[in-house]
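Student:
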Amino acid sequence: DTEVTQTPKHLVMGMTNKKSLKCEQHMGHRAMYWYKQKAKKPPELMFVYSYEKLSINESVPSRFSPECPNSSLLNLHLHALQPEDSALYLCASSQGPGHNYGYTFGSGTRLTVV
Amino acid sequence: AQSVTQLGSHVSVSEGALVLLRCNYSSSVPPYLFWYVQYPNQGLQLLLKYTTGATLVKGINGFEAEFKKSETSFHLTKPSAHMSDAAEYFCAVSDQELTGGGNKLTFGTGTQLKVEL
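Listed in order, the protein sequences are those of chains A and B.
Adding 490 to a residue's 1-based position in the first sequence gives its number in my numbering.
Adding 16 to a residue's 1-based position in the second sequence gives its number in my numbering.
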């Protein structure tokens, strides 16, 4: 299995809703990432989990809450989002501790906040 | 922090023509460099990477890139464009190795490749 699986593929939520994005990989990768990508822009790093511990939070608002229940799963909990949070949310994983490894990306969750 | 600059937000080529997408990096240490491709409404797929060793790197789908330290460049090429190559291409640099594992990729602004008949 060489894939990163993200669910759901599309999500529409109101500003008062609570929802979660899910990401799963079975490649034995020990680092997992959440990126946010606005239209026509490059991905921007949000969070990094390494060995199931949060190692990077790029000053992301608290309405985004990441969770890593185990080495294969990564969640992003959403609450009280704003319309400007509408974007493609990408999950990725990388093999090991070195920074010579590239990422394997999921196909993303297209989020629309109304 | 390390960064990459992609010259040309849009590139248009004819089918069968050479593809050249430009990327320059800024780094005070030997960089780790990557090219990714993104098709509409998809995630990013790794095309190739440069870490150490051979400066000419071959990737998937017939793409290759050459690391030129003297020019701080890592341009992506393909000898003959195909319609299926139309996509967004991102150059990226591995910014740092994170304590405890993982690394931070910083992306360029992307180049949209259009392939015309």
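In this text, a Cβ means the ideal position worked out from N, Cα and C, and glycines have one as well.
Taking all protein chains shown into account, decide if A:G598 is buried (16 or more other Cβ within 10 angstroms of its Cβ) or exposed.
Tutor: Its Cβ being crowded by 16 or more others within 10 Å, A:G598 is buried.
Student: Could you work out which residue in B:A17, B:S42, B:S86, B:L62 is closest to B:I76 when comparing CA atoms only?
Tutor: That would be B:L62, whose Cα lies nearest to the Cα of B:I76.
Student: Under 8 Å, Cβ to Cβ, is there at least one residue of chain B near A:L535?
Tutor: Chain B contact via Cβ: present.
Student: Excluding five sequence neighbours on each side, which residues of the same chain lie with their C-beta closer than 8 Å to the C-beta of A:P573?
Tutor: Only M505, V603, V604 meet the Cβ criterion.
Student: If contact means a Cβ-Cβ distance below 9 Å, which residues of the segment 33-58 of chain B contact chain A?
Tutor: The residues in question are Y48, F50, Y52, Q54, N57, Q58.
Student: Do you know how far the Cα of B:V131 is from the Cα of B:N119?
Tutor: C-alpha separation (whole angstroms): 33 Å.
Student: When every heavy atom of the ligand PLP is checked, does at least one fall within less than 7 Å of the C-beta of B:Y105?
Tutor: Although the ligand PLP was asked about, the structure shown includes no ligands whatsoever.
Student: Please state whether DSSP places B:N77 in a helix, a strand or coil.
Tutor: DSSP places B:N77 in helix when its eight states are reduced to three.
Student: At a Cβ threshold of 8 Å, is A:S555 touching chain B?
Tutor: It does not; no Cβ of chain B falls within 8 Å.
Student: Have a look at the DSSP bridge pairing and note the partners of A:C581.
Tutor: A:W524, per the DSSP bridge assignment.
Student: Below 8 Å on C-beta distance, what does B:K120 contact in chain A?
Tutor: Per Cβ cutoff of 8 Å: L535, V538, I546, H589.
Student: Which residues in the same chain as A:K528 place their Cβ atom closer than 7 Å to its Cβ, once the five residues preceding and following it in sequence are excluded?
Tutor: A577.
Student: Give me the chain D residues within the contact set of A:P573, using Cβ-Cβ distance strictly less than 9 Å, ordered along the chain.
Tutor: No chain D appears in this structure, whose protein chains are A and B.
Student: Buried or exposed: where does B:K94 fall if 16 or more other Cβ atoms within 10 Å of its Cβ makes it buried?
Tutor: Classification of B:K94: buried, given that the 10 Å Cβ count is 16 or more.
Student: Which whole runs of the beta strand (DSSP E) in the segment 500-554 of chain A are 3 residues long or more, in chain order?
Tutor: Within the segment 500-554 of chain A, the complete beta strand (DSSP E) runs of at least 3 residues are 500-503, 508-515, 521-527, 534-540, 543-547.
Student: B:V20: which of B:Q128, B:G124, B:L133 sits nearest, CA to CA?
Tutor: The shortest Cα separation from B:V20 among B:Q128, B:G124, B:L133 belongs to B:G124.
Student: Does the segment 492-506 of chain A come close enough to the segment 540-548 of chain A to have 3 or more Cβ pairs within less than 8 Å?
Tutor: The segment 492-506 of chain A vs the segment 540-548 of chain A: no contact.
Student: Quick one: residues in its chain with C-beta nearer than 7 Å to the C-beta of B:M99, no 5 flanking neighbours on either side, listed in chain order?
Tutor: Closer than 7 Å at the Cβ level, and outside the excluded window around B:M99, lie E31, V131.
Student: CB-CB under 7 Å to A:V494, same chain, minus the five flanking residues each way: which ones, in chain order?
Tutor: Once the five neighbours on either side are set aside, the close Cβ partners of A:V494 are C513, Q515, C581, A582, S583, T594, F595, G596.
Student: Starting from B:G24, find everything on chain A with Cβ-Cβ shorter than 9 Å and list it in chain order.
Tutor: By Cβ distance, chain A contributes nothing, its closest Cβ being about 14 Å from B:G24, past 9 Å.
Student: Who does B:G62 pair with in a DSSP beta bridge?
Tutor: The amino acid occupying residue 62 of chain B in the given sequence is Leu; Gly does not appear at that position. Answer by DSSP bridge pairing, in chain order: B:Y52.
Student: Name, please, each residue of chain A whose Cβ falls closer than 7 Å to the Cβ of B:G78.
Tutor: The premise fails here: B:G78 is roughly 19 Å from chain A at the closest Cβ pair, so nothing lies under 7 Å.
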